[in-house]
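Heads up, the numbering used here is the position in the sequence shown plus 21, with the first residue counted as 1. The beta-carbon is built from N, C-alpha and C at its ideal position, and this holds for glycine as well.
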Amino acid sequence: MEETRIMLSEKEMPQQWYNILPDLPEPLSPPINPGTGEPIGPEDLAPIFPMELIKQEVSQERWIEIPDEIQRIYRLWRPSPLYRAHRLEKELGTPARIYYKNESFSPPGSHKPNTAIAQAYYNKQEGVERICTETGAGQWGSALSFGCCLFGLKCTVYMVRISYEQKPYRKMLMQSWGAEVYPSPTNMTKSGQSILEKDPESPGSLGIAISEAVEDAATHEEAKYSLGSVLNHVLLHQTIVGLELKEQLKLAGEELDALFGCVGGGSNFAGQSYPFVKDKMDGKDIDLIACEPKACPTLTRGLYRYDHGDTAGLTPLMKMYTLGHSFVPPPIHAGGLRYHGDAPTLCLLVDKGIIEPRAYHQNEVFEAALKFARTEGSLCAPETAHCIKGAIDEAVKCKEIGEEKCIVIAYSGHGFFDLGAYEKYLANQLEDYEYPEELIKQALSELPEIKDA
Ligand SMILES: *Cc1c(COP(=O)(O)O)cnc(C)c1O
């Protein structure tokens, strides 16, 4: 009988991360200091990140050792299983072979602790006592709280106020791991105070929460800041997933034809796909498909330009696909996919046609998630549902043209803290938003003027 779970033993877990920087088709455009207009150097980042992570951010080493202590913690849930979706295949009547690499077994329930653990480790090594971060719906905040807890670090989380009030369960998870969680904007930072002066009832935003967390770290000697996606070192830590996937496909006697992952800032998609990018550049016929919401269509409708990472324009300018830092995404339920930009390496690979983006509406995405739950059993995060939709469409196409194919879904997390979104879908109360062209144009007209380096 064909296998359902393709497992690696603990001993077979990869011991290095894969760094894509030396293998990119051209060098990345450097991040720019928003104050001086000059490329930023390590000294600009040193107040907010530990040195080892700054080194990883610009490293040209292809392989980077995973320290033993991190490997030991990874083994709480790694290597993660690769599943063959036999029942979904049968339901679809497709000749395609569908697999999913399941990152939902980590204690916080997603891929995010792959980097949270690593970041907590390097901060601890360099004597940092406290890490500050922002979180929207709470997935990143809970992963970092977990990481800090295991290394005896304090964790301060600025959680977007509206989520803090409406989605309390991830907040409780963070507090269970010992984090201090504040509804942002707060009175504790200058950035927060200036927002509250204008609007005491402000619901907050990810951009505001980032400004607060960065300010907290920059103004306190014992504290540093941490980001859960977008940056090179974050994507690096996620590559353990794709490296495992490669081994597991070998065990199953498969060659990857098409990989589907969802993209918020790009970290889980990069983690799964980057170990295959070199194979593709060397001539292998592999489709790497990045799935995003039509309500926040960064890769499919944004411009490839320099832009800020935050709303206030305080963070370095990076060359990326962007909808403009003033873009306010509609309130869709895949909170983790509502970011105006994406990881610079991912954007470069999209620009070169190595990675292909596709966008979906939220109703069709939830429909696909339930088809998956009703065949495979697992209820995915609304973010993950985007690539399940992409993969199902591909498998249906295979049926129509009678093509056998190996399809892999990057299953980034479970949906147990997102049942409110499923409730709305089941009650027919979800709206599809397609971002209007005028509003995209307007946000893009506010992009900073930076000449390409
Ligand atoms: C945060 C999150 C995402 C989106 O973030 P990326 O950095 O693009 O991976 C996707 N899926 C889940 C389950 C998440 O928690």
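Roughly how many angstroms separate the alpha carbons of residue i and residue j, rounded to a whole number?
{"i": "residue 50", "j": "residue 81", "result": "14 Å"}
{"i": "residue 459", "j": "residue 224", "result": "25 Å"}
{"i": "residue 160", "j": "residue 354", "result": "13 Å"}
{"i": "residue 204", "j": "residue 242", "result": "23 Å"}
{"i": "residue 111", "j": "residue 420", "result": "11 Å"}
{"i": "residue 246", "j": "residue 108", "result": "44 Å"}
{"i": "residue 72", "j": "residue 142", "result": "12 Å"}
{"i": "residue 238", "j": "residue 338", "result": "19 Å"}
{"i": "residue 495", "j": "residue 206", "result": "Summary: the structure shown does not reach residue 495, with the chain confined to residues 22 through 474, and so no result is reported for it."}
{"i": "residue 371", "j": "residue 74", "result": "25 Å"}
{"i": "residue 196", "j": "residue 113", "result": "42 Å"}
{"i": "residue 65", "j": "residue 97", "result": "35 Å"}
{"i": "residue 58", "j": "residue 327", "result": "11 Å"}
{"i": "residue 248", "j": "residue 451", "result": "30 Å"}
{"i": "residue 387", "j": "residue 457", "result": "22 Å"}
{"i": "residue 462", "j": "residue 348", "result": "10 Å"}
{"i": "residue 474", "j": "residue 55", "result": "Residue confidence for residue 474 is low, a pLDDT of 49 falling below 50, so the modelled location carries little weight; the figure read from the coordinates is stated next. Cα-Cα distance, rounded: 14 Å."}
Taking C-alpha atoms, which residue in the options lies nearest to residue i?
{"i": "residue 67", "options": "162, 235, 321 and 308", "result": "235"}
{"i": "residue 131", "options": "326, 35, 110 and 404", "result": "404"}
{"i": "residue 227", "options": "275, 212 and 144", "result": "212"}
{"i": "residue 48", "options": "269, 340 and 350", "result": "340"}
{"i": "residue 250", "options": "266, 462 and 291", "result": "291"}
{"i": "residue 167", "options": "69, 231, 192 and 148", "result": "192"}
{"i": "residue 86", "options": "328, 39, 105 and 464", "result": "39"}
{"i": "residue 164", "options": "194, 58 and 181", "result": "194"}
{"i": "residue 123", "options": "99, 412, 296 and 391", "result": "99"}
{"i": "residue 156", "options": "216, 181 and 62", "result": "181"}
{"i": "residue 240", "options": "396, 210 and 104", "result": "210"}
Pop quiz: residue i and residue j are said to be a contact at Cβ under 8 Å. What is the actual Cβ separation, rounded to whole angstroms?
{"i": "residue 444", "j": "residue 380", "result": "With 8 Å as the limit, residue 444 and residue 380 do not qualify as a contact, their Cβ atoms being about 25 Å apart."}
{"i": "residue 158", "j": "residue 188", "result": "6 Å"}
{"i": "residue 27", "j": "residue 102", "result": "7 Å"}
{"i": "residue 136", "j": "residue 36", "result": "Not really, about 17 Å apart at Cβ, beyond 8 Å."}
{"i": "residue 302", "j": "residue 376", "result": "Rounded, the Cβ-Cβ distance is 11 Å, inconsistent with contact."}
{"i": "residue 323", "j": "residue 408", "result": "Contact doesn't hold; Cβ gap of about 19 Å is too wide."}
{"i": "residue 231", "j": "residue 331", "result": "5 Å"}
{"i": "residue 464", "j": "residue 344", "result": "6 Å"}
{"i": "residue 200", "j": "residue 169", "result": "7 Å"}
{"i": "residue 268", "j": "residue 33", "result": "6 Å"}
Are residue i and residue j closer than 8 Å when you measure CB to CB?
{"i": "residue 145", "j": "residue 126", "result": "no"}
{"i": "residue 342", "j": "residue 368", "result": "yes"}
{"i": "residue 44", "j": "residue 255", "result": "no"}
{"i": "residue 439", "j": "residue 402", "result": "yes"}
{"i": "residue 106", "j": "residue 121", "result": "yes"}
{"i": "residue 306", "j": "residue 427", "result": "no"}
{"i": "residue 222", "j": "residue 179", "result": "no"}
{"i": "residue 60", "j": "residue 69", "result": "no"}
{"i": "residue 265", "j": "residue 118", "result": "no"}
{"i": "residue 469", "j": "residue 329", "result": "yes"}
{"i": "residue 174", "j": "residue 202", "result": "no"}
{"i": "residue 435", "j": "residue 399", "result": "yes"}
{"i": "residue 253", "j": "residue 31", "result": "no"}
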